[in-house]
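These notes concern the structure reproduced below.
Residue numbers (the numbering used here), protein chains in the order written: chain A, 2 to 537; chain B, 3 to 385.
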């Protein structure tokens, strides 16, 4: 009888997987089970799940002293993804199955009935295992699709502990295992026969066709939006150049509607981006039964969401909305209503595309290269600057309302559009505008043009010198830019803002160089950091 | 120290002592025959027998310290680069003597002469105007500049700001009467405007000592100075409860004429104007030409007035076709970018570029999402 079994599994740390060895020792003594190696609560409870799963899968839970060691010991372990490895380890160590034919790495949470449940972060964990030289990985059947995204690994989806046991034992070991099964429990094992007993191999059809309700949502086509020609144009620029955009307007101007058309306008992710986004979704545990994410993320958290939900954190140091919007759009409706802490925390992602979560246990850096689209009312009552309706706020209150969104944050935005209320006549009568399809094509073309030019950077991420070079200004345009800058008291940041936006306007028009008209048009879009000009 | 105190220093010190309002100031001056005497008397324990002249303990303390340090105010005046003028001085604006009693001191930045110009008109209105009201206020101011009048207002947000800005923009002189001391010169949003007013030959004046905080009570009281400085007061847009109505009533009491812009009955933004027209001798402002006639400014044809109108046509011809289309539309009244796009039929980038150029040249101004005519566009005829 073998007394020590060693299996391999993995743990998530940030967005990376880390290899973990599970050593199970079954020794004579009082029947207890110890798990050592910095386990958290969910992991300490594994012993109960493992015992239930073993008993209900037709195996015997050894009445001995069981010690489970998770190595490396200094790595803090959390979650339930080790259940499967521990349970199989117990079976091997107690001699109920024999390993044969190469090592399988095991990932999965167990139910008391012996079923294997999907876990978060399978994609990066499998990738880590592959890098460490493990060629065969058993994952929960629900995680097969994402695990198969890793090349060069044989992935088996398992529905239950018995599947996994059969897999590990191989053709010879399985016979041994079956021989030792108790007949009465074999019935109970068959009782769980809703579970497929066949091992899902990598090429078995995945459960496709299940719509992802969260992703689909209500899509809005631009053709459904009346009026707002200026805001539509600004949105097109923003999406083509990845410029951060602020929509300001009274209630009912159509800010939210316009934002909801964004998913239909964004170009799909390229291969590298898709992999990063899929890893993030995997770690966030939102990748059940779907493969590579090709659609650009569009996240729209409510302003009451907690700091941890938005920025990331919590006991698991989970990625937040800013990370889940990586390579996509984060839409913040009612920007001024978000907590000050959240708005301040946005500065780092907007500046360098990452977010760092520092906690007592250590810090994690998540990617967060997001495009921010924000919407807000011009003042507390929402009617400041409306043509017909008077604003009920006091002197300077509109200023104060906008200032709730701090200057440094506004400085990171390239575009601000004031959206007026659409007159009722226009809502009913006007001919529909362009459809999302037409605009999306222009956006994709302009983006491709920008990416070809500047080493794969959208215009919004160009540094000062790079943007000047990209604009290819003629001498006369340099003069115009100087004139604009002097007259409007622009800072260097303001000049670069205008240049970046003009570069995107030229890209949309398919021009290599920026023209006078592009510069003037860019300058006509409001500077987000400028306060509402109510005094004139 | 005491011997060196001149009557004028004492006057400034007493008027600036905190708690000393016009009742106490003029009561003390009348009782003692002068400010220096009054200071000396209060400092040496004099108590008024007159029941109306009640001096509280903190006020008395302020007067005593003013007596001991009569130079404090003068020093502060120098620090802030202010001038002062009192009814003792020959340069005291005659119009202010129509206030009974006149303000004890006027502190100011800029050119005092504007307060005594031949033609002065006060233009006032609500702090929360409609875009049309704002535009009309600017048109009125522009026309007054063409008639060579100094435009007086209160530097508040809203109509006041539009009036001052349009006057400065048209190259005219304007006097702003603020509700506190010069250390707190009006709303933050008007800092740049304040500078422009002074640089344009106008003035920013107050009856309050430099460090007086503007309070709820000081604003209605400064309105009597606005109305007195203007030979006529024009109320552009005033809802039922508006400081502009107080200014209009002061004007009538001071024997000035009042013009009010009428409007549609039931429209809350003009309710105050309508009640002025119904309840007082105020006359309606029915057009800019009629306004000039009512003001009596039509007797001499001013070159600048004619030139202003000519220059609009000439200047429009200088614009490109796109800018001209946008300018012509905005000369008719305020519009936001969307309205400009729909009404001119031009593409958003083109309209955006035209807006930039017109803003640069000062032909239009931006308020929230809307653009308003400014500069030469204000000289365009209303009809």
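Note that beta-carbon positions come from the ideal geometry of N, C-alpha and C, so glycine has one too. Just so we're clear, the structure is a prediction, and the values are computed from it rather than from any experiment.
What residue does the alpha helix (DSSP H) around residue i start on, and which one ends it?
| i | result |
| --- | --- |
| residue 252 (chain B) | 245–255 |
| residue 28 (chain B) | 24–34 |
| residue 69 (chain B) | 59–70 |
| residue 159 (chain B) | Here residue 159 (chain B) belongs to no alpha helix (DSSP H), and DSSP marks it neither H nor E. |
| residue 80 (chain B) | 74–81 |
| residue 109 (chain B) | Residue 109 (chain B) -> not in any alpha helix (DSSP H); beta strand (DSSP E) instead, spanning 108–112. |
| residue 487 (chain A) | 476–488 |
| residue 221 (chain B) | 220–231 |
Please list the partners that residue i has in chain A, where partner means a Cβ-to-Cβ separation under 7 Å.
| i | result |
| --- | --- |
| residue 339 (chain B) | 231 |
| residue 273 (chain B) | Going along chain A, no residue has its Cβ under 7 Å from residue 273 (chain B), so there is no contact; the nearest lies around 12 Å. |
For residue i, tell me which candidate among the options has the shortest Cα-Cα distance.
| i | options | result |
| --- | --- | --- |
| residue 262 (chain B) | B:170, B:126, B:224, B:228 | B:126 |
| residue 324 (chain A) | A:313, A:332, A:333 | A:313 |
| residue 310 (chain A) | A:467, A:329, A:343, A:405 | A:343 |
| residue 222 (chain B) | B:355, B:243, B:352, B:324 | B:243 |
| residue 150 (chain B) | B:299, B:233, B:55, B:141 | B:299 |
| residue 170 (chain A) | A:139, A:49, A:152, A:445 | A:139 |
| residue 374 (chain A) | A:336, A:348, A:224, A:350 | A:336 |
| residue 134 (chain A) | A:489, A:51, A:155, A:143 | A:155 |
| residue 225 (chain B) | B:268, B:256, B:212 | B:256 |
| residue 538 (chain A) | A:27, A:267, A:233 | The structure shown does not extend to residue 538 (chain A), since chain A is modelled only from 2 through 537, so no value can be given for it. |
| residue 372 (chain A) | A:46, A:231, A:239 | A:239 |
| residue 48 (chain A) | A:107, A:112, A:76 | A:112 |
| residue 77 (chain B) | B:11, B:136, B:64, B:48 | B:11 |
| residue 115 (chain A) | A:159, A:101, A:132, A:466 | A:159 |
| residue 275 (chain B) | B:296, B:245, B:291 | B:245 |
| residue 381 (chain B) | B:144, B:88, B:91, B:42 | B:144 |
| residue 163 (chain A) | A:144, A:295, A:127, A:88 | A:88 |
| residue 317 (chain A) | A:463, A:42, A:265 | A:42 |
| residue 322 (chain B) | B:355, B:133, B:39 | B:355 |
| residue 236 (chain A) | A:402, A:346, A:298, A:332 | A:332 |
| residue 97 (chain B) | B:273, B:352, B:229 | B:229 |
| residue 60 (chain A) | A:363, A:165, A:346, A:296 | A:165 |
| residue 327 (chain A) | A:338, A:225, A:367 | A:367 |
Since residue i is in the beta strand (DSSP E), which residue starts that stretch and which ends it?
| i | result |
| --- | --- |
| residue 34 (chain A) | 33–37 |
| residue 83 (chain A) | Per DSSP, residue 83 (chain A) belongs to no beta strand (DSSP E) and is neither H nor E. |
| residue 357 (chain A) | 355–360 |
| residue 372 (chain A) | 372–377 |
| residue 402 (chain A) | Careful: residue 402 (chain A) lies outside any beta strand (DSSP E), inside the alpha helix (DSSP H) at 398–404. |
| residue 363 (chain A) | 363–368 |
Can you find a C-beta in chain D that's less than 7 Å from the C-beta of residue i?
| i | result |
| --- | --- |
| residue 343 (chain B) | Looking at the structure shown, chain D is missing, and the protein chains on hand are A and B. |
Mind listing the chain A neighbours of residue i? Cutoff is C-beta to C-beta under 8 Å, in chain order.
| i | result |
| --- | --- |
| residue 333 (chain B) | Result: empty, since nearest Cβ-Cβ is about 16 Å, beyond 8 Å. |
| residue 172 (chain B) | By Cβ distance, chain A contributes nothing, its closest Cβ being about 14 Å from residue 172 (chain B), past 8 Å. |
What in chain B is Cβ-close to residue i, meaning under 7 Å?
| i | result |
| --- | --- |
| residue 525 (chain A) | 354, 355, 357, 358 |
| residue 506 (chain A) | 351 |
| residue 522 (chain A) | 351, 354, 355 |
| residue 385 (chain A) | 370 |
| residue 228 (chain A) | 340 |
Kindly list, in the order they appear in chain B, the residues whose Cβ is closer than 8 Å to that of residue i.
| i | result |
| --- | --- |
| residue 518 (chain A) | 351, 352, 355 |
| residue 400 (chain A) | 190, 191 |
Would you mind telling me which residues of chain B sit closer than 9 Å to residue i, beta carbon to beta carbon, in chain order?
| i | result |
| --- | --- |
| residue 421 (chain A) | 338, 339, 340, 341, 370, 371, 372 |
### Given 8 Å, three or more beta-carbon pairs between the stretch 236–255 of chain B and the stretch 278–288 of chain B
Yes, the stretch 236–255 of chain B touches the stretch 278–288 of chain B.
### Query
Do the stretch 468–488 of chain A and the stretch 496–510 of chain A make contact, defined as three or more Cβ pairs closer than 8 Å?
Result yes; three or more Cβ-Cβ pairs closer than 8 Å.
### Task
May I ask you to list, following chain order, the residues of the stretch 125–138 of chain A that have a beta carbon less than 8 Å from some beta carbon of chain B?
Residues of the stretch 125–138 of chain A with a C-beta less than 8 Å from any C-beta of chain B: none at all.
### Query
For the stretch 251–265 of chain A, which residues have a CB atom closer than 8 Å to at least one CB atom of chain B, in sequence order?
If you check each beta-carbon in the stretch 251–265 of chain A against every beta-carbon of chain B, none falls closer than 8 Å.
### Query
What residues in the stretch 348–372 of chain B bring their beta carbon closer than 7 Å to a beta carbon of chain A?
Under the 7 Å Cβ criterion, the stretch 348–372 of chain B contributes 350, 351, 354, 355, 357, 358, 359, 362, 367, 368, 369, 370, 371, 372.
### Task
Please list the residues of the stretch 470–490 of chain A that have a C-beta atom closer than 9 Å to any C-beta atom in chain B, keeping them in chain order.
From the stretch 470–490 of chain A, only 484, 485, 488, 489 have a Cβ closer than 9 Å to chain B.
### Task
Closer than 7 Å, Cβ to Cβ, to anything on chain B: give me those residues from the stretch 14–25 of chain A, in chain order.
Hits within the stretch: zero.
### Query
Per the contact definition of three or more C-beta pairs closer than 8 Å, is the stretch 355–375 of chain A in contact with the stretch 8–15 of chain A?
Verdict: yes, contact present.
### Message
Closer than 8 Å is the cut-off here; do at least three beta carbon pairs connect the stretch 403–411 of chain A with the stretch 261–279 of chain A?
### Response
Flag = no, the stretch 403–411 of chain A and the stretch 261–279 of chain A do not touch.
### Message
Can you confirm whether the stretch 91–98 of chain A touches the stretch 245–260 of chain A when touching is taken to mean that 3 or more C-beta pairs between the two stretches lie within less than 8 Å?
### Response
By the C-beta criterion, the stretch 245–260 of chain A is judged not to be in contact with the stretch 91–98 of chain A, since fewer than 3 inter-stretch pairs fall below 8 Å.
### Task
Answer yes if the stretch 202–212 of chain B comes into contact with the stretch 164–183 of chain B, meaning at least three C-beta pairs across the two stretches below 8 Å, and no otherwise.
Touching, yes.
### Validate contact between the stretch 118–125 of chain A and the stretch 55–70 of chain A using beta carbons, cut 8 Å, 3 pairs
The stretch 118–125 of chain A vs the stretch 55–70 of chain A: no contact.
### Task
For the stretch 184–201 of chain B, enumerate the residues whose C-beta is nearer than 8 Å to any C-beta of chain A, in chain order.
Correct list: 189, 190, 191, 192, 195.
### Message
Between the stretch 15–22 of chain B and the stretch 58–72 of chain B, can you find at least three pairs of beta-carbon atoms closer than 8 Å?
### Response
The stretch 58–72 of chain B vs the stretch 15–22 of chain B: in contact.
### Positions along the stretch 364–381 of chain A whose CB lies within less than 8 Å of some CB in chain B
Going along the stretch 364–381 of chain A in chain order, one finds 379 with a Cβ nearer than 8 Å to chain B.
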